[in-house]
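Colleague: First, the structure itself, so that you have it in front of you.
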């Protein structure tokens with residue numbers, strides 16, 4: 001029986017980083033992937049979706065050009081999907097070699113293109129072959145959760161796995177779910193020319209974000225012609241004269257039904273735990289996924305789980321981060337815990353919503369005392385010159401000493417702008433440190449300094465100012 | 478005679494921050510501005526130029542849409558300048574109230590809309606009125622330096638003060654000078670439809686940046702149809718059949734002359750020191766501008782100078798930073814020095830070039846030992862999805878311990894992306910800190926982590942790896 005330091009199940013974002021990192025350190029690593037290398041991220045997730053969003057933004061930019069005084073432009077109208085799909089595939093083709101069997105074999109990883117199944121806490125069966133692992137890492141990801149709405153299966157629907165392969169732009173599209181995937185793809189299809197309706201059960205879309213961030217996004221979506229139905233639910237689907245009719249139970253302002261050509265199901269994710277033989281290794285599973293401790297260890301000491309299948313945060317960069325934690329915990333003597341406090345994420349709509357740490361809602365719910373410092377992009381000169389200031393803002397939550405508890409940015413470039421705040425938060429730099437760092441003018445990044453300045457202004461008390469005023473008076477004698 | 482803690486001469490970026498800050502702290506402040514509040518930045522600099530660049534980018538985006546699979550778009554052709562000028566003026570109008578007499582009067586600053594002249598180290602004459610200042614701050618800025626090229630004055634030319642007020646897009650434009658102002662405006666006019674020729678004496682444009690950064694920009698400009706003539710000089714100008722003919726002395730590949738409709742002079746800046754009565758206060762002036770020490774103090778102890786007129790770095794944010802230093806040094810007991818090491822700047826071309834600290838050239842010239850870690854945006858997934866990866870890169874210079882000595886980023890969003898590195902450099906966070914901070918996927922900001930990772934990879938020596946390999950072998954028994 002072949003013996004490995006690490007047997008990795010799943011060649012997506014998490015598994016690939018474990019495999020490459022382990023091999024790079026000199027460990028013997030096996031990697032089993034039954035479907036496509038690169039996982040959801042490369043094949044059905046971030047990469048195709050961000051490429052789709054970019055193409056859709058291009059249409060939007062053509063339409064917006066006249067705002068900047070540009071003449072002789074016309075609305076290009078509804079788009080063919082095939083050339084857009086070609087652009088998406090070209091992006092995937094550019095990135096694919098990085099995740100390929102060839103590259104990983106070259107790194108010294110033994111890659112098995114087959115399903116893997118645990119047979120004991122240290123043994124995995126891959127295509128009839130038995131592998132022994134000092135440690136086994138499960139990184140099998142997740143898939144779209146399909147709600148049990150009557151008629152949905154019969155009517156047919158798309159998920160993130162099929163939507164990037166369609167051949168025709170649907171004239172109309174209903175998106176079930178107002179989470180990040182739903183709003184991103186919904187906005188993109190609307191920009192390409194579909195009539196899009198987002199149906200969301202929660203009080204507002206992107207329900208994990210603060211209401212003011214969600215409100216800014218909702219306003220943007222509606223301005224672009226997207227119908228957003230909050231507090232609404234599809235209760236049944238049936239075919240009516242060639243279209244899919246969604247019966248909707250919602251608030252007073254929601255329509256009773258919507259007829260569409262296509263449905264995108266983006267209503268949460270299901271962890272891929274089936275057929276892995278987890279029971280043979282004593283690995284416990286909950287509805288959210290494989291149960292792990294803060295060190296990514298499952299209930300079976302030699303088995304670890306990371307990324308979507310562990311159900312905590314469903315982000316590529318979280319899987320990649322956990323992969324590094326796993327490398328520490330399996331290949332070095334001292335184990336470490338995941339840092340849950342300094343994880344950023346971004347919803348890649350236009351505007352983007354970027355977050356790290358606490359939102360106002362979560363801090364209040366947790367009873368954490370905090371001050372909020374909020375800055376509008378309408379006072380950031382670059383945002384004004386770029387015409388990207390309306391409805392965009394940044395806010396930071398801090399304790400009395402200016403330590404950052406969380407931050408939210410709403411702006412077309414929010415995801416990039418947040419990085420400075422994440423670095424500051426992670427490494428204990430307080431708001432005065434942002435204030436006393438020079439930021440180039442005119443850049444959007446000055447928003448970081450503006451947040452620091454907003455904090456600093458609160459430090460000058462009335463008492464101090466009145467004492468200073470007396471000193472200055474004396475100095476003028 | 479009215480007595481003030483601060484008499485500020487010049488209502489541009491530097492002077493306004495001193496005035497607002499001083500008044501906010503309770504000091505009595507006078508501000509004299511003889512022309513327009515907001516100075517060059519608002520009226521003839523950053524604000525109109527970034528708005529112009531944005532409009533020009535809009536044309537570029539229309540042309541680029543087909544790259545992303547978008548159909549039914551057409552090149553809008555050469556643009557009328559008047560609607561673009563309207564866009565520029567709208568941006569200025571949005572920002573102007575922030576710099577207005579009304580706002581500053583409201584803050585408690587006594588604003589004099591007149592020329593000011595030093596009559597002694599503590600006295601200023603404003604429109605016949607005598608003001609006494611405990612401290613006097615000179616912040617009068619700079620203007621375009623006009624070379625003494627034969628025929629230039631007679632032929633007529635534009636500078637940053639006049640180019641935003643023209644009424645017609647010139648069919649052809651020669652830009653004298655390959656510095657930031659010249660390349661930014663040159664690219665913008667080319668995108669709007671002018672045939673642009675940039676004539677630069679230096680070995681490459683943006684001469685303060687590394688050759689590889691300049692090369693990436695030069696390639697971009699040439700791809701967009703801009704003629705870039707390095708190591709070339711205009712030796713005379715004359716009118717030939719209604720056009721301005723520039724005789725050029727250059728390298729073998731340069732043409733002997735270029736005929737254009739308009740000339741933009743962007744060949745350096747001249748400090749505004751005339752008529753200020755500096756001699757009456759014993760303030761020494763060099764060719765670069767008013768001489769100051771690292772505390773912004775001139776040769777006259779009660780007189781200070783900041784921003785362009787002091788000639789060190791000609792950036793709005795440097796003036797704003799020095800304004801804060803001045804507030805410390807004039808209104809608090811302990812004085813501080815300017816921090817020259819952590820000043821970022823950006824050339825706002827497409828791609829942008831952003832810099833902090835040492836470039837490779839400057840570090841080598843200064844004999845500072847350094848390692849260079851370079852990452853291409855072609856391995857940043859977001860840049861690939863956005864189609865903005867070709868020719869873009871980031872590099873960081875670090876010492877053996879990973880302390881950041883400098884960084885350069887070349888990318889359409891370089892200015893914003895640099896902020897994280899500036900914060901790290903300023904506050905002593907080393908490259909491992911960038912590596913162990915989670916960056917959201919897929920954002921451009923991951924370039925920061927990638928630079929950290931590039932450093933980390935060099936820390937795993939062959940000896941360590943071979944010892945680890947033996948341990949892992951033993952663990953597989």
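Protein chains in written order, with this note's numbering: chain A, 1 to 477; chain B, 478 to 954.
Note that CB positions come from ideal geometry on N, CA and C, so glycine has one too.
Answer yes or no: do residue 233 of chain A and residue 201 of chain A have a C-beta to C-beta separation smaller than 8 Å?
Modeller: Against the first chain, residue 233 of chain A aligns to sequence position 233. Against the first chain, residue 201 of chain A aligns to sequence position 201. Closer than 8 Å, so yes.
Colleague: I'd like to know whether the C-beta of residue 316 of chain A is nearer than 8 Å to at least one C-beta of chain B.
Modeller: Working through the first chain from its first residue, we reach residue 316 of chain A at position 316. For residue 316 of chain A, the answer is yes, since a Cβ of chain B falls inside 8 Å of its Cβ.
Colleague: In chain order, what residues of the segment 570-592 of chain B put their CB closer than 8 Å to some CB of chain C?
Modeller: Absent from the structure: chain C. Protein chains present are A and B.
Colleague: With 8 Å as the limit, tell me which residues of the segment 19-44 of chain A have their beta carbon closer than that to any beta carbon of chain B; keep them in chain order.
Modeller: Flagged, chain order: 24, 25, 26, 27, 28 and 41.
Colleague: With 8 Å set as the bound, which would you pick, yes or no: does the beta-carbon of residue 160 of chain A sit closer than that to a beta-carbon of chain B?
Modeller: By 1-based counting over the first chain, the position of residue 160 of chain A is 160. No, residue 160 of chain A lies away from the interface with chain B (no Cβ there is under 8 Å from its Cβ).
Colleague: Taking the straight line between their C-alpha atoms, what separation do you get for residue 5 of chain A and residue 133 of chain A?
Modeller: Numbered from 1 along the first chain, position 5 holds the residue referred to as residue 5 of chain A. Numbered from 1 along the first chain, position 133 holds the residue referred to as residue 133 of chain A. Cα to Cα, residue 5 of chain A sits roughly 6 Å from residue 133 of chain A.
Colleague: Any chance the segment 301-318 of chain A sits against the segment 148-159 of chain A, with 3 or more Cβ pairs inside 8 Å?
Modeller: The segment 301-318 of chain A is not in contact with the segment 148-159 of chain A.
Colleague: Which residue marks the beginning of the beta strand (DSSP E) containing residue 674 of chain B, and which one marks its end?
Modeller: Taking the first residue of the second chain as position 1, residue 674 of chain B is located at position 197. Looking at the DSSP string, the run of the beta strand (DSSP E) that includes residue 674 of chain B is 672-676.
Colleague: Apart from the five residues on each side of it in sequence, which residues of its chain come closer than 6 Å, Cβ to Cβ, to residue 36 of chain A?
Modeller: Here residue 36 of chain A refers to the residue found at position 36 of the first chain. Contacts found: 43.
Colleague: Is any beta-carbon of chain B found at less than 8 Å from that of residue 433 of chain A?
Modeller: The residue given as residue 433 of chain A occupies position 433 in the first chain. Yes, residue 433 of chain A counts as interfacial toward chain B.
Colleague: Taking 8 Å as the threshold (beta carbon to beta carbon), is residue 387 of chain A in contact with chain B?
Modeller: To locate residue 387 of chain A, count along the first chain from 1; it is residue 387. Yes, because at least one Cβ of chain B sits closer than 8 Å to the Cβ of residue 387 of chain A.
Colleague: With three or more C-beta pairs closer than 8 Å as the rule, is the segment 497-515 of chain B touching the segment 815-823 of chain B?
Modeller: Not touching, per the Cβ criterion.
Colleague: Count the C-beta pairs between the segment 401-412 of chain A and the segment 529-548 of chain B that are closer than 8 Å, then say yes if the count reaches three, no if not.
Modeller: No, the segment 401-412 of chain A is not in contact with the segment 529-548 of chain B.
Colleague: List, from N- to C-terminal side, the alpha helix (DSSP H) runs of 4 residues or more that fit wholly inside the segment 364-403 of chain A.
Modeller: List check, alpha helix (DSSP H) in window: 381-385.
Colleague: Which residues in the same chain have their Cβ closer than 6 Å to the Cβ of residue 154 of chain A, if we skip the five residues on either side of it in sequence?
Modeller: For the purposes of this step, residue 154 of chain A is identified with residue 154 of the first chain, where counting begins at 1. So the list is empty, once near-sequence residues are dropped.
Colleague: Looking only at C-alpha atoms, which of B/587, B/652 and B/655 sits nearest to residue 500 of chain B?
Modeller: Position 23 of the second chain, counting from 1, holds the residue named residue 500 of chain B. It is B/587 whose Cα lies nearest to the Cα of residue 500 of chain B.
Colleague: Considering only residues of the segment 769-840 of chain B, which uninterrupted beta strand (DSSP E) runs meet the minimum length of 3 residues and lie entirely inside it, listed in chain order?
Modeller: Runs of the beta strand (DSSP E) inside the segment 769-840 of chain B: 780-782, 821-824 and 829-834.
Colleague: At which residues does the beta strand (DSSP E) containing residue 5 of chain A begin and terminate?
Modeller: By 1-based counting over the first chain, the position of residue 5 of chain A is 5. From DSSP, the beta strand (DSSP E) with residue 5 of chain A extends over 2-9.
Colleague: Where does the unbroken alpha helix (DSSP H) through residue 537 of chain B begin, and where does it stop?
Modeller: The residue labelled residue 537 of chain B in the question sits at position 60 within the second chain. Start and end: 523-541.
Colleague: Note down the Cα distance separating residue 127 of chain A from residue 277 of chain A, rounded to an integer number of angstroms.
Modeller: Here residue 127 of chain A refers to the residue found at position 127 of the first chain. Here residue 277 of chain A refers to the residue found at position 277 of the first chain. Roughly 14 Å separates the two Cα atoms.
Colleague: Where does residue 498 of chain A sit, in a helix, a strand or coil, going by DSSP?
Modeller: Nothing can be reported for residue 498 of chain A, as the shown portion of chain A is limited to 1 through 477.
Colleague: What is the rounded straight-line gap between the Cα of residue 798 of chain B and the Cα of residue 436 of chain A?
Modeller: The count along the second chain starts at 1 and reaches residue 798 of chain B at position 321. The count along the first chain starts at 1 and reaches residue 436 of chain A at position 436. Going by the C-alpha atoms only, they are around 9 Å apart.
Colleague: Tell me whether residue 563 of chain B is buried or exposed, calling it buried when 16 or more other Cβ atoms sit within 10 Å of its Cβ.
Modeller: As a first step, residue 563 of chain B must be located in the second chain, where it is residue number 86. Answer is exposed; the Cβ neighbour count stays below 16.
Colleague: Using DSSP bridges, identify the partner residues of residue 471 of chain B.
Modeller: This structure does not reach residue 471 of chain B, given that chain B is present from 478 up to 954, and the question cannot be answered.
Colleague: Can you check whether the CB of residue 263 of chain A is closer than 8 Å to the CB of residue 398 of chain A?
Modeller: Locating residue 398 of chain A in the first chain gives position 398, where the first residue counts as 1. Locating residue 263 of chain A in the first chain gives position 263, where the first residue counts as 1. Cβ distance not < 8 Å, so residue 398 of chain A and residue 263 of chain A don't count as in contact.
Colleague: How is the alpha helix (DSSP H) around residue 902 of chain B delimited, first residue to last?
Modeller: Counted from its first residue, the second chain places residue 902 of chain B at position 425. Residue 902 of chain B -> alpha helix (DSSP H) spans 891-903.
Colleague: Counting Cβ pairs closer than 8 Å, one from the segment 756-764 of chain B and one from the segment 589-596 of chain B, do we hit at least three?
Modeller: A contact exists between the segment 756-764 of chain B and the segment 589-596 of chain B.
Colleague: Residues of the segment 548-571 of chain B with a CB closer than 7 Å to any CB of chain A: list them in chain order, please.
Modeller: The segment 548-571 of chain B vs chain A, Cβ under 7 Å: 548, 549, 550, 553, 554, 556, 557, 560, 561, 563, 564, 568 and 571.
Colleague: Am I right that residue 687 of chain B and residue 885 of chain B are in contact with their C-beta atoms under 8 Å? What's the rounded C-beta distance?
Modeller: Taking the second chain and counting its residues from 1, one reaches residue 687 of chain B at position 210. Taking the second chain and counting its residues from 1, one reaches residue 885 of chain B at position 408. With a Cβ gap of about 6 Å, residue 687 of chain B and residue 885 of chain B count as contacting.
Colleague: So what's residue 680 of chain B in DSSP terms, helix, strand or just coil?
Modeller: Within the second chain, residue 680 of chain B is the residue found at index 203, counting from 1. Residue state, collapsed to three classes: coil.
Colleague: With distances taken from CA atoms, which of B/518, B/489, B/851 and B/846 is nearest residue 690 of chain B?
Modeller: Counting from one through the second chain, the residue named residue 690 of chain B turns up at place 213. When only C-alpha atoms are compared, the closest one is B/851.
Colleague: When DSSP labels each residue in this structure, what does residue 28 of chain A get in the three-state scheme?
Modeller: Counting from one through the first chain, the residue named residue 28 of chain A turns up at place 28. The answer is coil: DSSP assigns residue 28 of chain A none of H, G, I, E or B.
Colleague: Drop a sphere of 10 angstroms on the beta-carbon of residue 534 of chain B, count the other beta-carbons inside from all chains shown, and report buried for 16 or more, exposed for fewer.
Modeller: As a first step, residue 534 of chain B is located in the second chain; it is residue number 57 there, counting from the start. Buried, since its Cβ has 16 or more Cβ neighbours within 10 Å.
Colleague: Please decide whether residue 54 of chain A counts as near chain B, where near means a Cβ-Cβ distance under 8 Å.
Modeller: If you number the first chain from 1, residue 54 of chain A lands on position 54. At least one chain B Cβ lies under 8 Å of residue 54 of chain A.
Colleague: Quick one: using the 10 Å Cβ neighbour count with 16 as the cut-off for buried, is residue 477 of chain A buried or exposed?
Modeller: Taking the first residue of the first chain as position 1, residue 477 of chain A is located at position 477. So residue 477 of chain A ends up on the exposed side.
Colleague: Once you ignore the five residues that flank residue 636 of chain B on each side, which residues in its own chain have a CB closer than 6 Å to its CB?
Modeller: Reading the second chain from its first residue, position 159 is the one you call residue 636 of chain B. 621 and 742.
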